[in-house]
Amino acid sequence: MAMRVVVGDLRVQRIDRRNGRRSWTIVWPEGTEHREADRFLREHDGSGTQRTYAYLLVDHLRWLERECLTLDRVVLRDLERYMGIVGAEVTMPLGEPGNAHTGMRRCRLRQPV
0 MAMRVVVGDL
10 RVQRIDRRNG
20 RRSWTIVWPE
30 GTEHREADRF
40 LREHDGSGTQ
50 RTYAYLLVDH
60 LRWLERECLT
70 LDRVVLRDLE
80 RYMGIVGAEV
90 TMPLGEPGNA
100 HTGMRRCRLR
110 QPV
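If you count the sequence shown from 1, position 109 lands on 108 in numbering that gives the first Met the number 0, and the numbers rise without skipping.
What follows is the structure, given as structure tokens:
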């Protein structure tokens, strides 16, 4: 897998522990942790799936930001659209295909203060 530096976007951050183990979290472009994501990922600390969860979660969080949605405003239809975008078969209204894109919205969500 090619490594690249992500600038100006949410990113997965590796944490090297003193005991030689690694953990993974998600950080904002400014480098501060995404609290909700970190809370979820800590539940899987030390598991073989934490890194995978982090990369899937950062993709979802980037989509939320692009769609101008906050975690407290997401509804089931939003999640169905997201699942359609990532390849799941989802029945959409008016016969839209399950992976129909709704268009790019212009907004930039920032870390809560």
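Ideal Cβ positions, reconstructed from N, Cα and C, are used throughout, including at glycine.
| Check | Outcome |
| --- | --- |
| Outcome for R34 when other beta-carbon atoms lying within 10 angstroms are tallied against a minimum of 16 | exposed |
| As assigned by DSSP and simplified to three states, the class of E35 | helix |
| R13, buried or exposed, once every other Cβ within 10 Å from all chains shown has been counted against 16 | exposed |
| CA-to-CA distance, L40 to W23, given in whole angstroms | 7 Å |
| Beta-bridge pairing of Q12 - partner residues as DSSP gives them | T24 |
| Whether E66 touches D77 by CB criterion (9 Å) | yes |
| Anticipated Cβ contact below 8 Å, I25 with L56, distance rounded | 6 Å |
| For L70 and W62, the rounded distance between their alpha carbons | 11 Å |
| Per-residue burial, L68 [other beta carbons within 10 Å of its own, 16 or more giving buried] | buried |
| Straight-line Cα distance separating R21 from S197 | Examination of residue 197 is not possible in this model, given that the chain is present from 0 through 112 alone. |
| Start-to-end residues for the alpha helix (DSSP H) that takes in E64 | Q49 to R65 |
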